[in-house]
Amino acid sequence: MGPTKPALEVASFPGGAFAENGYLVRHVATNRVVVVDPGAAAPAMVRVLKEWGGSLDAIYLTHAHFDHVEGIPIVRKHADVPIHLHASDQITYDRAEARGAMFGLKLPGPLPPPDRVLAPGEAVPVGDLTLEVRFAPGHAPGHVILYSEEAQVALVGDVIFQGSIGRTDIPGGDFLQLIDSIRREVLTLPDATRLLSGHGPETTVERERMGNPFLISQMRGGLA
Ligand SMILES: [Zn+2]
Ligand SMILES: [Zn+2]
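In my numbering, the protein residues as written are 341 to 564.
Next comes the structure, spelled out in structure tokens:
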């Protein structure tokens with residue numbers, strides 16, 4: 341018997357001025373795929389989608405900062421799939437194009453409005469599996485995490501990074517709310533859970549609980 345194949349395959353696509361990570365999440369057995377936070381690397385995401393020959397079902401946004409949504413026009417050109425966003429981040433979405441322009445960045449096409457509202461506790465399908473929507477505001481008012489207990493993986497957007505946490509010095513940011521979200525929605529997950537962030541390398545719940553300097557210095561390790 342060989343090693344068991346993971347039920348979910350997650351591919352990371354870093355790109356753009358902020359090195360944002362977009363993700364393709366594929367349920368291997370059914371070859372059904374969802375896109376999470378398509379950023380500047382969207383053309384590469386579309387190439388891999390075509391290689392996989394998978395059926396793309398939806399776009400999910402952890403939150404709506406420019407670098408996490410700028411690839412939407414490219415993905416939507418490939419497949420007319422619905423865009424999902426938490427209602428509290430509609431305001432971030434509406435501001436995204438203007439925020440990008442402040443950095444001299446342009447969208448590759450018009451940004452279509454979100455089609456569906458993501459609700460906390462909702463289970464969104466990826467083939468035969470589901471991802472649980474966990475509400476984690478603080479970096480953005482409508483930030484969510486997508487978590488699969490079965491696959492032991494969480495797409496955490498800009499809530500937490502390897503050795504760092506999301507910025508809160510931006511419109512809609514709230515430091516104490518972010519710390520509360522991390523405590524409630526991240527540190528309560530099993531230690532072995534892979535954390536796939538919006539920027540930088542992947543990490544685990546255990547690694548951040550033990551060593552994330554932001555969590556330890558802010559709360560004297562009391563978060564762990
Ligand atoms: Zn962000
Ligand atoms: Zn980001």
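By construction, the Cβ of each residue, glycine as well, lies at the ideal position given by its N, Cα and C atoms.
Query                                                                                                            : Result
Buried or exposed (CB count within 10 angstroms, at least 16 for buried), R524                                   : exposed
Heavy atom of ligand 1 within 8 Å of D468 beta-carbon                                                            : no
Collapsed DSSP secondary structure at R366 in the structure displayed                                            : strand
Presumed contact (8 Å Cβ cut-off) between V365 and L348, rounded CB distance                                     : 6 Å
Enclosing alpha helix (DSSP H) for L518 [first to last residue]                                                  : F515 to S521
C-alpha gap between T544 and L451, whole angstroms                                                               : 33 Å
Extent of the continuous alpha helix (DSSP H) to which I431 belongs                                              : Q430 to M442
Close-in-space but distant-in-sequence residues of the same chain around G356 (CB under 6 Å, 5 per side omitted) : G379, A380 and D407
Straight-line Cα distance separating E410 from P448                                                              : 7 Å
Cβ neighbours of Q502 in the same chain (closer than 6 Å, five flanking residues each side left out)             : G540, P541 and T543
Within 5 Å of ligand 1: residues by beta-carbon to any heavy atom                                                : H405 and D498
A398 and P422 closer than 9 Å at C-beta                                                                          : yes
Where A564 falls: helix, strand or coil (DSSP)                                                                   : Any reading at A564 is ruled out, since the residue's pLDDT is 48, under 50, leaving its predicted position unreliable.
Rounded straight-line distance, which links the Cα of G393 to that of D520                                       : 40 Å
Nearest candidate by alpha-carbon position, reference A419, set A438, D429 and L389                              : L389
Ligand 2 heavy atom lying under 8 Å from the CB of F358                                                          : yes
contact_flag[the stretch 474-489, the stretch 424-434] where n(CB pairs < 8 Å) is 3 or more                      : yes
Span separating the alpha-carbon of E462 from that of V473                                                       : 5 Å
Contact test: Y433 Cβ vs ligand 3 heavy atom, cutoff 8 Å                                                         : Ligand 3 is not among the ligands present in this structure, which contains only ligand 1 and ligand 2.
CB contact flag (Y400, V375, <9 Å)                                                                               : yes
Helix, strand or coil at L348 [DSSP, three-state]                                                                : strand
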